[in-house]
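Residue numbers (our numbering), protein chains in the order written: chain A, 1 to 233; chain B, 1001 to 1054.
Every residue gets a Cβ at the ideal spot worked out from N, C-alpha and C, and that includes glycine.
Have a look at the structure below before the remarks.
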Amino acid sequence: MEKPNRGLQILNIASAGLLVVATGLVFLYAPQERTMGEVQRIFYFHVPSAWVSFLAFLVTFVAGIAYLRGGNRRWDIVARSSVEVGLLFTVMTIITGSIWARPAWNTWWTWDPRLTTYTIMALIYVAYIMLRQGLEDPERRARFAAVYGIVGFISVPITFMSIRWWRTIHPVVIGSGSATAQGGFDMTSRMLVTFLFSLFTFTVLYFCFLANRVRLENLAERVEQLKAKLLSA
Amino acid sequence: MLLDETPNTVGYMIAGYAVFFGLPFLYLVSWLVRQRNLEKDIELIQTLSEDEKK
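This is the structure:
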């Protein structure tokens, strides 16, 4: 198996190290929240995971614009890789949010504005993958996907702002939320340090996943090129 | 939640962290499988093109 280059190796090791430290902070440094108990610790990875999903789709949006402007296939690879990584974090956010909601809201799921918009956003990006799989011509696929990635990004700010615009039970971490929000809490300094460190860790983890995914996609492109060369010979 | 004492929600926390570590682990395994398959494809294509040259 081909080894990744030195830069990627360093990023992989740094990400693993940061994840170990973040996990240590969550379980050993952050205090227990009194009202919800241990389940509140999900918050330290749940919010960064949601943040990374937004970041991933933002990268797809930017890569889509860059592809349409210059036509460089590298941007298409970045866009599709970022969607896949973003979906991983989206699924993680939805499942862990549901696990947290059971003791906090006394239900696994509710069609709250945040949960609904987040689910719609996830489905929009699942459709992005399906769209790509449905198109044979690589140029056409890249162009359509770029446009879809740009238009689909509208769902991200709507999802982000949903808990600020509409009546919701989902708590707001930054800024003031709805009066009907349930499960919110005041962060102590230790909680804030743990949260910010986790946010940083997940951001680094995202770029690590993206770089590795791009590398895999480059390998797939190489296979396609070799196949085409062999067939034309 | 208006409770006098802190509820025992350890099970939910464990389930949550199992998801946080389990899903990326499965994703990494899928990468390794895909990478191995692609490398096998490259080897096969290279063998075929060498055979063709002969």
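For PHE54 (chain A), the closest of A:VAL151, A:ILE163, A:MET121 by C-alpha to C-alpha distance is A:MET121.
If you draw a straight line from the Cα of GLY64 (chain A) to the Cα of VAL214 (chain A), it comes to about 15 Å. Contact check between the region 1025 to 1035 of chain B and the region 189 to 208 of chain A: fewer than three CB pairs, one atom from each, fall below 8 Å, which does not count as touching.
Interface flag for ARG73 (chain A) against chain B is unset, since no Cβ pair is found closer than 8 Å. Residue-level contact by beta carbon holds for THR1006 (chain B) and chain A, with a gap shorter than 8 Å.
Separation of the CB atoms of SER189 (chain A) and TYR44 (chain A) is rounded to 14 Å, and the pair is thereby denied contact status at 8 Å. Short of 6 Å from the beta carbon of LEU25 (chain A), and not among the five residues preceding or following it, lie these beta carbons of its own chain, in chain order: THR194, PHE197. Straight-line measurement puts the Cα of PRO48 (chain A) at about 8 Å from the Cα of THR203 (chain A). In the DSSP assignment, MET92 (chain A) falls within the unbroken alpha helix (DSSP H) covering 73 to 105. With a 10 Å radius around the Cβ and a threshold of 16 neighbouring Cβ atoms, ASN106 (chain A) comes out exposed. Only buried fits ILE124 (chain A), as 16 or more other CB atoms lie within 10 angstroms of its CB.
Excluding the 5 residues flanking it on each side, GLU221 (chain A) has same chain C-beta neighbours closer than 8 Å at ARG73, ILE77, in chain order. Beta-bridge annotation (DSSP): GLU33 (chain A) is paired with A:GLY37. Secondary structure note for THR194 (chain A): its alpha helix (DSSP H) is the uninterrupted segment 189 to 232.
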